[in-house]
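Chemist: Shown below is the structure under consideration.
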Amino acid sequence: MKTILYATDYSENSVPALKYAYSLSKALRATLKVIHVFDYPTLLDHFSLKAEDPFPDLEGDAIKKHISKLNAFCEEHLGSDLDKMHIKVEAIEDKSIVHGITKKATELDAFFIITGMKGVSAIKEIIMGSTAKNLLKDSPCPVLTIPEDASHTKINTIVYATDFEEEDLGAINKLVEIAEPLHAKIKLVHVFPLNEKLNIAEKKELEDKIHEKIKYTDVTLDILYADDVFKTLKTYFGNSNADLIGMLERENQMLSAHVFHRDLVKKMESYGKIPVISFNAKNYGIFHL
Numbered sequence: 532m533k534t535i536l537y538a539t540d541y542s543e544n545s546v547p548a549l550k551y552a553y554s555l556s557k558a559l560r561a562t563l564k565v566i567h568v569f570d571y572p573t574l575l576d577h578f579s580l581k582a583e584d585p586f587p588d589l590e591g592d593a594i595k596k597h598i599s600k601l602n603a604f605c606e607e608h609l610g611s612d613l614d615k616m617h618i619k620v621e622a623i624e625d626k627s628i629v630h631g632i633t634k635k636a637t638e639l640d641a642f643f644i645i646t647g648m649k650g651v652s653a654i655k656e657i658i659m660g661s662t663a664k665n666l667l668k669d670s671p672c673p674v675l676t677i678p679e680d681a682s683h684t685k686i687n688t689i690v691y692a693t694d695f696e697e698e699d700l701g702a703i704n705k706l707v708e709i710a711e712p713l714h715a716k717i718k719l720v721h722v723f724p725l726n727e728k729l730n731i732a733e734k735k736e737l738e739d740k741i742h743e744k745i746k747y748t749d750v751t752l753d754i755l756y757a758d759d760v761f762k763t764l765k766t767y768f769g770n771s772n773a774d775l776i777g778m779l780e781r782e783n784q785m786l787s788a789h790v791f792h793r794d795l796v797k798k799m800e801s802y803g804k805i806p807v808i809s810f811n812a813k814n815y816g817i818f819h820l
């Protein structure tokens, strides 16, 4: 059974992402692992240490506290029978929240990581917009970020914005693992500048190469032409009723071949309307479109 990893800071802003993660785990028949990463020295003020206990088990006590808190958090928002719901909780001590999450994702061979787009923790690193971005740099799997006002509905349409990067097909094939059990369609979209026009034969060649590498029948390619890439994509997302947006990220966006991708990645980080699943290019094999 696949495992979806969800990291929470217990904030109200993280509740929609928790509910989304659970609904998606049910639809994909995956186990949901809910974790909280903490650095136990930040909790010292919450412990009442007795004088006769010169060597208190701070980490052990903190882990027990957080496991109890995680169980209460999940039960409050999802229900009381976590085992039957295939939900597991774990508290992890690590000085780096990002390291704690990615290490656990590697250990579990996680299908993907889910986070909220925003958080309210006083710890700077847990601010989820920043955490999600940093997670992707080291994550062994895709990172799915959920807007704070999102409510999970059935995923019928996944839009993947492609720049025809070499690693795109690896990311798209990962999306197929989500789309197939949900019977969702995958719509690939690329925006060319107005002064670059593909003829019918060139588009057909691209489509043939895509279908050769992607063994999923419900995949289509839409080619758009515009100079304002992001505005055009926003309109496309709405018109296509996108339930999930996928995109490839590079650690150094200057390596991207076209302005399309750099523009998209930069602006999608602040769009915050539709759940976004991001793929780190370094995790995927080299494909040529």
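In my numbering, the protein residues as written are 532 to 820.
Glycine included, every Cβ here is placed at the ideal spot set by N, Cα and C.
Which same chain residues end up closer than 7 Å to S771 when comparing Cβ atoms and leaving out the 5 residues on each side of it in sequence?
Modeler: T688, V690 and K718
Chemist: Can you name, in chain order, every residue of its own chain whose Cβ lies under 6 Å from the Cβ of S545, other than the five neighbours on each side?
Modeler: T539 and G647
Chemist: If distances are taken between C-alpha atoms only, which option among D640, L764, K635 and S670 comes closest to D694?
Modeler: Checking every option, the nearest Cα to that of D694 belongs to L764.
Chemist: Measure the Cβ-Cβ separation of H630 and L601 and say whether it is below 8 Å.
Modeler: Cβ atoms of H630 and L601: not closer than 8 Å.
Chemist: L613: which of S627, I598 and E624 sits nearest, CA to CA?
Modeler: I598
Chemist: On the criterion of 16 or more Cβ atoms from any shown chain inside 10 Å, does Y551 qualify as buried, or is it exposed?
Modeler: Counting other Cβ atoms within 10 Å of its Cβ, Y551 reaches 16 or more and is therefore classed as buried.
Chemist: By the 10 Å Cβ neighbour count, where 16 or more other Cβ atoms means buried, how is E824 classified, buried or exposed?
Modeler: With the chain covering only 532 through 820, there is no way to say anything about residue 824.
Chemist: Mind checking whether I677 and P806 have CB atoms under 8 Å apart?
Modeler: yes
Chemist: How big is the Cα-Cα spacing for N811 and L700?
Modeler: 12 Å
Chemist: H721: buried (16+ other C-beta within 10 angstroms of its C-beta) or exposed?
Modeler: buried
Chemist: Identify whether I644 lies in helix, strand or coil by the three-state DSSP scheme.
Modeler: It is a strand residue.
Chemist: Note down, in chain order, each residue of its chain lying with its Cβ closer than 8 Å to the Cβ of E583, except the 5 sequence neighbours on either side.
Modeler: The pLDDT assigned to E583 is 48, lower than 50, so where the model puts this residue is not dependable, and the model offers no usable value.
Chemist: Given a cut-off of 8 Å on the beta-carbon distance, is the pair L536 and A692 in contact?
Modeler: In this structure, A692 does not lie closer than 8 Å to L536 by Cβ.
Chemist: Could you pull out every unbroken beta strand (DSSP E) segment of at least 3 residues lying fully inside the region 727-764, listed in chain order?
Modeler: With a minimum length of 3 residues, the continuous beta strand (DSSP E) runs that stay inside the region 727-764 are 750-756.
Chemist: DSSP three-state label for F695, please.
Modeler: coil
Chemist: Assuming L563 and H617 are in contact, meaning their beta carbons sit under 8 Å apart, how far apart are those beta carbons, in whole angstroms?
Modeler: 6 Å
Chemist: Start and end of the alpha helix (DSSP H) containing E638?
Modeler: DSSP places E638 in the uninterrupted alpha helix (DSSP H) bounded by I628 to L639.
Chemist: Could you name the residues that DSSP lists as bridge partners for K716?
Modeler: T688
Chemist: Cα separation between K634 and E624?
Modeler: Computed Cα separation, rounded: 11 Å.
Chemist: Round the Cβ separation of V565 and V620 to the nearest angstrom and send it over; I've been treating them as touching at under 8 Å.
Modeler: 5 Å
Chemist: Terminal residues of the continuous alpha helix (DSSP H) containing A538?
Modeler: Per DSSP, A538 belongs to no alpha helix (DSSP H); it is in the beta strand (DSSP E), T534 to A538.
Chemist: Between which two residues does the alpha helix (DSSP H) harbouring K548 extend?
Modeler: Residue identity check: residue 548 is Ala in the sequence provided, not Lys. It spans V546 to A558 - the alpha helix (DSSP H) in which A548 sits, taken as one unbroken run.
Chemist: In terms of residue numbering, what span does the beta strand (DSSP E) encompassing G777 cover?
Modeler: L775 to E780
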